[in-house]
Every structure is written in structure tokens, then in C-alpha cells.
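FYI, the numbering for the sequence shown is 7 to 491, going by our numbering.
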Amino acid sequence: MTPMPEKVAITVARGDGIGPEIMDATLQILEKCGAALAFEEIEIGKAVYERGFSSGIEPGSWDSLRRTKVFLKAPITTPQGGGFNSLNVTIRKTLGMFANVRPCVSYHPYVDTKHPGMDVVIVRENEEDLYAGIEHRQTDDVYQCLKLISRPGSEKIVRYAFEYARKSGRNKVTCLSKDNIMKLTDGLFHDVFDEIGAEYPDIEKDHWIIDIGAARLADTPEIFDVVVMPNLYGDILSDVAAQITGSVGLGGSSNIGQHCAMFEAIHGSAPDISGKGIANPSGLLLGAVMMLNHIGQTEEAERVHNAWLKTIEDGVHTGDIYKEGLSTKRVGTSEFASAVVDRLGQVPTKLKAIEYDKTTSACFVLPQLKSMPPTDKLTVGVDVFVHFRGTADELAAGVQKNLMKGIDLKIITNRGVKVWPGGMPETFCSDHWRIRFVPTHADRMSHREIVEILTGISAAGFDFIKTENLCTFDGERGYSLAQGE
Ligand code: NAD
Numbered sequence: 007m008t009p010m011p012e013k014v015a016i017t018v019a020r021g022d023g024i025g026p027e028i029m030d031a032t033l034q035i036l037e038k039c040g041a042a043l044a045f046e047e048i049e050i051g052k053a054v055y056e057r058g059f060s061s062g063i064e065p066g067s068w069d070s071l072r073r074t075k076v077f078l079k080a081p082i083t084t085p086q087g088g089g090f091n092s093l094n095v096t097i098r099k100t101l102g103m104f105a106n107v108r109p110c111v112s113y114h115p116y117v118d119t120k121h122p123g124m125d126v127v128i129v130r131e132n133e134e135d136l137y138a139g140i141e142h143r144q145t146d147d148v149y150q151c152l153k154l155i156s157r158p159g160s161e162k163i164v165r166y167a168f169e170y171a172r173k174s175g176r177n178k179v180t181c182l183s184k185d186n187i188m189k190l191t192d193g194l195f196h197d198v199f200d201e202i203g204a205e206y207p208d209i210e211k212d213h214w215i216i217d218i219g220a221a222r223l224a225d226t227p228e229i230f231d232v233v234v235m236p237n238l239y240g241d242i243l244s245d246v247a248a249q250i251t252g253s254v255g256l257g258g259s260s261n262i263g264q265h266c267a268m269f270e271a272i273h274g275s276a277p278d279i280s281g282k283g284i285a286n287p288s289g290l291l292l293g294a295v296m297m298l299n300h301i302g303q304t305e306e307a308e309r310v311h312n313a314w315l316k317t318i319e320d321g322v323h324t325g326d327i328y329k330e331g332l333s334t335k336r337v338g339t340s341e342f343a344s345a346v347v348d349r350l351g352q353v354p355t356k357l358k359a360i361e362y363d364k365t366t367s368a369c370f371v372l373p374q375l376k377s378m379p380p381t382d383k384l385t386v387g388v389d390v391f392v393h394f395r396g397t398a399d400e401l402a403a404g405v406q407k408n409l410m411k412g413i414d415l416k417i418i419t420n421r422g423v424k425v426w427p428g429g430m431p432e433t434f435c436s437d438h439w440r441i442r443f444v445p446t447h448a449d450r451m452s453h454r455e456i457v458e459i460l461t462g463i464s465a466a467g468f469d470f471i472k473t474e475n476l477c478t479f480d481g482e483r484g485y486s487l488a489q490g491e
């Protein structure tokens, strides 16, 4: 008799809304497919938020996640309003899961879709961008969210996308960014894509500006293969991509880090259909298939995936994909799970059967980050932001009154547009102003001078709200020019 393989411990959370229903269905299939798994359950989401834990997870639950390093998670309902942090963002970032991988495949002709040939994998950066969670209200009128893009963060996700493509036999990686406008942040992402991409001559690569790239993804997804994007674009476009395969309920996803991994459905907790027993468990189930691959239980992954494809091919469909003429039977969540269990061991006959590589694990170790030598950084000026109700001329006159020798007031902008000197009367001005100061007789500005500038601004009665140093790095400008500068 072959000895039973050792069970792999998995942390499981049932979540909110349709979460418990689709998790029950998924676990039922995992238990019957022969996978060697031991489940540890933790509670997350609404009930935990209501007990006063602002991140939706209790401190003790981290022990389970850090011990098992593998998390199968149902969707949760994120409470609206301030005072709560997104649990998903917290878990992904705390455990360093930098890559969110979302395969979006159509199952034509068994699931109705306008895109029969679609087979796209979205690789979304998971830790940075506007999801840094650094937001401030700065004036009566203006709120700010910081968009942070780092070189190591971009390098990790771009390399992951290329390694993923190579390992899964895919031929092309596309980068989407908005570097025509955000030249420094998205510009860095694009530059890193070009740099790392050059190490993968066997893989075709291209870059699209996100707006036309998104339009093409929604219109002609067949031209894409693996698509890598910063966090926000990836979040939005992976939902679009999943939905146009036929239903957002079909998409599974993995969140991969150096230490831990989390597997889930792309969709949310669907409160509109919760408790009715009609939700499609396929997204979470396909997330679980990615999990089985990740832990090396490839045969079981293949068995579940093929049984699921056979179920879809046989026309046994939940309401979200049910279509008269295409489907043969409309089923609820648990009936769908039973249909998959009944087909374990079968393969689809018309849809392409899945064959996973059983010789290597789906995990791969990324090479070390490139080591970048420190740059020669020079502070060449400062932007001071003030909260002020008045005109640009009044602000300039007031600030100049107290301006120390050797420092010049170069420009004032409002929401990024130059309004002094020589502003246009048509430009709308909020109460949020940026004043740019530069040294007149030196090539650099000291911290002491910045403090003195702030002291002068405060003494003139203005409310400064933040500063940003203007720096060059090896002589290259590390800040944007104002529109009109
Ligand atoms: P949603 O994805 O929950 O639902 C969007 C639409 O798709 C709804 O009409 C829903 O009925 C349908 N749908 C989603 N999953 C389905 C399934 N498995 N089967 C059939 N139909 C399905 O998005 P939403 O309504 O914007 O968000 C609801 C809640 O989920 C919010 O609190 C949101 O913050 C949260 N959310 C959580 C996650 C997560 O936990 N990973 C992800 C996204 C949204």
C-alpha cells in the first residue's frame, strides 16, 4: 500500500456574504479529490471588525498564517467609511505577497462570452501604488493620496511576470502604465519592465499606455497573454478581464510572496445574493487549484481542474452563467460542488484538458534584486505647500516679504498648474498652493535653509501643510516641472 502523504496545513477563512457558501462547496471538493490537507480555520471580516479590530483580523490569527504560510480565503465585506483598514490589503502587505496573479479564461461555447479565444493572465503588483494607504486631508478643499512606486517593488513584480510566463509556456508579457503623464512613478515601472525584459529574449514584450491598453483588453483580449501592471490598474482591469470571460464568479487568484501565499476568488462577498445558495463557487475553487499547485499537489490540482471543466462542459451551471440553449441544468452552489465531485477522475472532451507539470512545483525562487549603487543626491530646492484662501499675487507678495537672502521664489502652482508669475485669470484655484523655492547663488539648498524658509512663511501668517525636497540624483532631475513652468 502506498503510504499516505503527510498532510499540508492550510489556514482557511470563510469570510462574509457568499463566502461561507462558496467555501463549503470548495472544501467539499478538496476533501473528495484526494488532496492531503489539514485545515486550520480562522475568523476574519465583518464580525471581527465589529468586535473592534480595525483590520478585520484578530492578533492570534497571524500565528496560524505565519505557521502554515498558505491561506485559502473567502471574500469578506469591507466596512465603508473611516476607522477601518482593508483586510485584504493588510494581509497582502503584512505577509509580503507582492504578486497577485489572476488568470482570466473564457470557456466558449459552454459559457456565453463575446471573447471566445480569451486566455489572459493579469499579474498585478500588490503592495505599492495608491494602496500604500497614506492619505491626508490637507486643506478645507483638498485631500491627498500618495502614490508610491519603488524600484525593488517594480523589479519583483516585473520579474515575477516574466518568470511566470516562462514557466507556464506563455509567449508574451505586456506592461500597462500611464508613464506619459506620471513620468517618474509609472515611468520607473516602465523602465524596469524594459530593463528586466531584456533578460528574457525568448519572450515577446510590449508596452501600452493604460487607457488604450484597457480599451484593447476589453475589446480584443486575444492579443494579450501575460499582462503586468501597477496595483490600481491591475485591480480594476482584472475584474474587467474576469467579467468578460462570462462572469466575475469564474476567476480565481493567487497572492504570492517570498514567505507566504494566499488564494482566493477575484470577486467580493456579493451581499446581493448571499444566503440564497446560488453563488458560483468556481472562483474560489480555481483559487484552490492554484493553491494545490503551489504546495506541489499537482495531480490533485489537475484532477479538480479537469472535473470542473467537465462540469462546465456538461452545461451544469450556476445562475450567473446559466443560459438557455447553452446550459443543460441550473444548479445552486452545493449542487454544483456535488456535480464536480461526481466528475473527479474525468477530463473534458471538448474543452482542452489541463495537464500540469508534475516534475516541478509552481513555486519559483526569484533571483536576488539587482543591487543599485547609491546615487549622488543633491537637494536643489524645496516645494512648500500652504493652505490659503486668497489670490496668487497676495500669496507671492506675503511670502516674499520674509524671504531670506540667497533664496528665490520661483513659481507658485495650484493643483499643479502655474498661477504665478504670469498666471491666467481662467485658472481655477483651490485653497491648496505649492510654492517652489530655489537657491540663487548656490547649486544646493541646505536643511537649515529649508527650516528658515518655513519660519519666514509661518511668520508671514501662512499655514504651511507640507514640504517636498527637490533633488537631483546623479544630476538627473527627481521631480516634475509644473504645468506651464
Ligand atoms: P462583488 O464582486 O461582491 O459583486 C459584484 C457582482 O457580481 C454582484 O452582482 C454579485 O452578485 C456578482 N457576483 C460576485 N461573485 C459572484 C459569484 N461567485 N457568483 C455569482 N455572482 C457573483 O462586488 P461588490 O458588490 O462591489 O462588493 C461586495 C463586497 O465585497 C464589498 O464589501 C467589497 O469591499 C468586498 N470585496 C471583497 C473582496 C475580497 O474579499 N477579496 C474583493 C472585492 C470586493
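Heads up, the beta-carbon is just placed ideally off N, CA and C, and yes, glycines get one too.
| Query | Result |
| --- | --- |
| Cβ of Pro81 versus every heavy atom of the ligand NAD: is any distance shorter than 6 Å? | yes |
| For my contact list, Ile301 and Val164 are in at a C-beta cut-off of 8 Å; report their separation, rounded to the angstrom. | 26 Å between Cβ atoms; not a contact. |
| Taking its Cβ as the centre, do 16 or more other Cβ atoms sit within 10 Å of Gly123, making it buried, or is it exposed? | exposed |
| Looking at chain B, is there any beta carbon in it that lies within less than 7 Å of the beta carbon of Ser280? | Included in the structure is just one protein chain, with no chain B present. |
| Is the beta carbon of Thr419 within less than 6 Å of some heavy atom of the ligand NAD? | no |
| Let's see if you can read the secondary structure: which residues bound the beta strand (DSSP E) around Asp469? | Asp469 to Phe479 |
| Measure the alpha-carbon distance for Glu228 versus Met296 and round it to whole angstroms. | 23 Å |
| Are the Cβ atoms of Arg157 and Tyr149 separated by less than 7 Å? | no |
| Quick check on Leu71: buried or exposed, where buried means 16 or more other Cβ atoms within 10 Å of its Cβ? | buried |
| Going by DSSP in three states, Gln548 sits in which element: helix, strand or coil? | For residue 548 there is no data in the structure shown, the boundaries of the chain being 7 and 491. |
| Should Ala285 be listed as close to the ligand NAD, given that the test is whether its C-beta is under 6 Å from any heavy atom? | yes |
| Does any heavy atom of the ligand NAD sit closer than 6 Å to the C-beta of Val254? | yes |
| Enumerate in chain order the residues of its own chain whose CB-to-CB distance from Ala41 is below 7 Å, with the five nearest sequence positions on each side excluded. | Leu298, Gln303 and Glu306 |
| With 16 other CB atoms within 10 Å as the buried threshold, where does Asp192 fall? | buried |
| I need the straight-line Cα distance from Gly484 to Leu78, nearest angstrom please. | 42 Å |
| For the ligand NAD, is there a heavy atom less than 6 Å away from the beta-carbon of Ser275? | yes |
| If you follow the beta strand (DSSP E) that Thr180 is in, where does it begin and where does it stop? | Lys178 to Ser183 |
| Can you determine whether any heavy atom of the ligand NAD sits closer than 6 Å to the C-beta of Thr334, and answer yes or no? | no |
| Going by alpha carbons, who is nearest to Val353 out of Val246, Cys151 and His311? | His311 |
| For Lys383, does the three-state DSSP call read helix, strand or coil? | strand |
| Could you spell out where the alpha helix (DSSP H) holding Pro158 opens and where it closes? | Arg157 to Lys173 |
| Could you check whether Phe394 and Phe443 sit closer than 7 Å to each other, using their CB atoms as the reference points? | no |
| Where Asn94 and Lys316 are concerned, what is the direct C-alpha to C-alpha distance, given to the nearest angstrom? | 32 Å |
| Would you list the one or two residues that DSSP bridges to Cys151? | Glu141 |
| Distance, Cα to Cα, Val126 vs Leu292? | 15 Å |
| Could you pull the start and end residues of the beta strand (DSSP E) that Arg519 belongs to? | As displayed, the chain neither begins before 7 nor continues past 491, which places residue 519 out of reach and without an answer. |
| Express the C-alpha separation of Ala466 and Thr83 in angstroms, rounding to a whole number. | 49 Å |
| Cα separation between Lys282 and Gly274? | 16 Å |
| Select from Asp208, Gly240 and Ile209 the residue whose C-alpha is nearest the C-alpha of Leu223. | Gly240 |
| What are the partner residues of Trp214, as DSSP defines its beta bridges? | Leu182 |
| Taking the alpha-carbon positions, what's the Ile187 to Gln489 distance? | 11 Å |
| Please name the residue, chosen from Ala271, Gly462 and Glu131, that lies closest to Thr32 on a Cα-to-Cα basis. | Ala271 |
| Hey, would you say the C-beta of Asp326 is under 6 Å away from at least one heavy atom of the ligand NAD? | yes |
| Closer than 8 Å is the cut-off here; do at least three beta carbon pairs connect the stretch 471-481 with the stretch 402-417? | no |
| Write down the C-beta distance between Val392 and Ile463 rounded to the nearest angstrom, noting that I regard them as a contact closer than 8 Å. | 7 Å |
| What residue range does the alpha helix (DSSP H) around Phe443 cover? | Not the alpha helix (DSSP H): Phe443 falls in the beta strand (DSSP E), residues His438 to Pro445. |
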